[in-house]
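S.K.: Before I ask anything, here is the structure I am working with.
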Amino acid sequence: MNSPQTDLFIDKGYLRLEGFHPKKHVAGVRQKLLDELKRMKALPGGKSPLGSLQRLPVFQQIGKLSALVKVPGLHATLVTPGLIEYVTRLGGRTPAVQDTQLLLSPPQQGASTLEGLNWHVDISAKPQGPLPGVQAFFLIDDVAPGGGATLALAGSHRVDTPGRPSASRLRETLKTSASIEQSLQQLDIDIVEMSGRAGDVFLMDLRLLHTPSVNATKNVRMMATARCFFDA
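Last residue of the sequence shown: 783 in my numbering, with the numbers rising by one and none dropped.
Set out below in structure tokens:
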């Protein structure tokens, strides 16, 4: 890791590591996912659990599908010593790492949109405090723009600090703005879409607001995530 990367992470709250895992390294996980989805789709007598997904709200579809599929060896394949070393450098100490979870989105969930999204943080931590942890997002397959990738608000981890917008103003912008992306840029906050190629990895400050997004493509969104926590 070089100094510009560290500076970007401190300022914006994320890093994109293109090709961190070679494509062939994640190809086995991708194939296992495809095989399992094909198996579930082919269950006889209308017993496929995939058929009921469309009746759920869009973001519940993601949780349901991700819980249905199991891939042995997922964590060891994605959370490598090299990844832990990267996270350790960002935090200045070795993290405690939770088990890796799949993030799968059914295809053709609807039109891609920035409205009605579920912006949230996974933990409560002060912007002025030390880095509480890093969340890693892994692309198991290519994910196109509008393909259901996680969205994050770069710079949102610095709200309520000198020269930055307040948390309440940011929340109000997300709720009421007719042009969210333009309004966020006025607050020096950018939307990061974690799309890209299989093997890419995004590292995100756990204080960053983020959300699932709508998969408007014909392909299943195949990602995974692991949270790395630092002791206070």
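Backbone N, C-alpha and C define an ideal beta-carbon position, used for all residues, glycine too.
#1: Going by Cα to Cα distance, which pick from Thr712, Gln582, Gln686 and Gly667 is closest to Val648?
#2: Is Leu760 helix, strand or coil by DSSP?
#3: Just the C-alpha distance for Arg720 and Ile674, rounded to the nearest angstrom, thanks.
#4: Could you have a look at Ala578 and say whether DSSP puts it in helix, strand or coil?
#5: Please list the terminal residues of the continuous beta strand (DSSP E) segment that includes Val743.
#6: For Asp741, which residues from the same chain have a beta carbon less than 6 Å from its beta carbon, with the 5 sequence-adjacent residues on both sides left out?
#7: Could you tell me which residues DSSP puts in a beta bridge with Gln652?
#8: Among the residues of its own chain, which have a CB less than 7 Å from the CB of Glu732, if the five just before and after it don't count?
#9: Going by DSSP, which residues form a beta bridge with His671?
#10: Go through its chain and collect everything with a Cβ distance to Val580's Cβ below 7 Å, but skip five positions before and after it.
#11: List the DSSP bridge partners of Ala687.
#12: Between the Cα of Lys615 and those of Gln652, Thr639, Arg644 and Thr631, spot the shortest distance and give me the residue it belongs to.
#13: Name the residue from Met773, Gln611 and Val620 whose alpha carbon lies nearest to the alpha carbon of Ala599.
#14: Could you pull out every residue in the same chain whose Cβ sits closer than 7 Å to the Cβ of Thr631, ignoring the five residues on either side in sequence?
#15: Quick check on this structure: which residue in Asp650, Gly570, Pro657 and Met745 has the alpha carbon closest to the alpha carbon of Leu585?
#16: How about the region 756–769 and the region 558–565: do they share at least three Cβ pairs that are nearer than 8 Å?
#17: State the Cα-Cα distance for the pair Leu702 and His572, rounded to the nearest angstrom.
#18: Could you give the residue range of the alpha helix (DSSP H) that holds Arg720?
#19: Please list, in chain order, all residues of the same chain as Gly570 whose beta carbon is under 8 Å from its beta carbon, the five residues on each side excluded.
#20: Considering only the beta carbon of each residue, do Leu760 and Ser707 sit closer than 8 Å?
#21: Provide the residue span of the beta strand (DSSP E) that contains Ala767, from first to last.
#22: Candidates Pro608, Asp711 and Pro696: which alpha carbon is nearest Gly680's?
#23: Looking at the structure shown, is Arg606 part of a helix, part of a strand, or coil, going by DSSP?
#24: Can you have a look at Gln605 and say buried or exposed, based on whether 16 or more other CB atoms are within 10 angstroms of its CB?
#25: Measure the alpha-carbon distance for Asn669 versus Gln659 and round it to whole angstroms.
M.R.: In short, the structure shows the following:
#1: Translated into the one-based positions of the sequence shown, residue 648 becomes position 97. The candidate whose alpha carbon is nearest that of Val648 is Gln686.
#2: Taking the first residue of the sequence shown as position 1, residue 760 is located at position 209. Three-state DSSP puts Leu760 in coil, outside helix and strand.
#3: Indexing the sequence shown from 1 puts residue 720 at position 169. Indexing the sequence shown from 1 puts residue 674 at position 123. Answer to the nearest angstrom: the Cα atoms are 20 Å apart.
#4: Within the sequence shown, numbered from 1, the residue matching residue 578 stands at position 27. The answer is helix: DSSP assigns Ala578 an H, G or I state.
#5: Here residue 743 refers to the residue found at position 192 when the sequence shown is read from its first residue. Asp741 to Glu744 is the extent of the beta strand (DSSP E) around Val743.
#6: Here the question's residue 741 lines up with position 190 in the sequence shown. The residues are Ala705.
#7: If you number the sequence shown from 1, residue 652 lands on position 101. Per DSSP, Thr776.
#8: Position 181 of the sequence shown, counted from the first residue, corresponds to residue 732. Excluding residues within five positions, the ones whose Cβ falls inside 7 Å are Leu665 and Ile742.
#9: On the sequence shown, residue 671 is found 120 positions in, with the first residue counted as 1. In DSSP, His671 forms a bridge with His761.
#10: Translated into the one-based positions of the sequence shown, residue 580 becomes position 29. The answer, listed in chain order, is Val622, Leu625, Thr628 and Ile691.
#11: Sequence index remark: in the sequence shown, residue 687 carries index 136 (1-based). Looking at the DSSP assignment, Ala687 forms a beta bridge with Leu754 and Ala777.
#12: Residue numbering aside, residue 615 sits at position 64 when the sequence shown is read from its first letter. Comparing Cα-Cα distances from Lys615 to each of Gln652, Thr639, Arg644 and Thr631, the minimum goes to Gln652.
#13: In the sequence shown, residue 599 corresponds to position 48, counting from 1. Residue 599 is actually Ser in this sequence, not Ala. Nearest option by C-alpha distance: Val620.
#14: For the purposes of this step, residue 631 is identified with residue 80 of the sequence shown, where counting begins at 1. Once the five neighbours on either side are set aside, Thr631 has no close Cβ partner at all.
#15: To locate residue 585, count along the sequence shown from 1; it is residue 34. Checked all of Asp650, Gly570, Pro657 and Met745; the closest Cα to Leu585 is Pro657.
#16: yes
#17: Taking the first residue of the sequence shown as 1, we reach residue 702 at position 151. Taking the first residue of the sequence shown as 1, we reach residue 572 at position 21. Roughly 21 Å between the two C-alpha positions.
#18: Taking the first residue of the sequence shown as 1, we reach residue 720 at position 169. Note, Arg720: alpha helix (DSSP H), Ala718 to Thr727.
#19: Counting from 1 along the sequence shown, the entry for residue 570 is found at position 19. Result list for Gly570: Arg748, Gly750 and Asp751, in chain order.
#20: The residue labelled residue 760 in the question sits at position 209 within the sequence shown. The residue labelled residue 707 in the question sits at position 156 within the sequence shown. It is a contact, given that the beta carbons lie within the stated cut-off.
#21: By one-based count along the sequence shown, residue 767 stands at place 216. Element bounds for Ala767: n/a, residue is neither H nor E.
#22: Along the sequence shown, read from residue 1 onward, the residue named residue 680 stands at position 129. With distances taken between Cα atoms, Gly680 lies closest to Asp711.
#23: For the purposes of this step, residue 606 is identified with residue 55 of the sequence shown, where counting begins at 1. If DSSP states are grouped into helix, strand and coil, Arg606 belongs with the helices.
#24: The count along the sequence shown starts at 1 and reaches residue 605 at position 54. Gln605 should be labelled exposed.
#25: Walking along the sequence shown from the start, residue 669 turns up at place 118. Walking along the sequence shown from the start, residue 659 turns up at place 108. Going from the Cα of Asn669 to the Cα of Gln659 covers about 19 Å.
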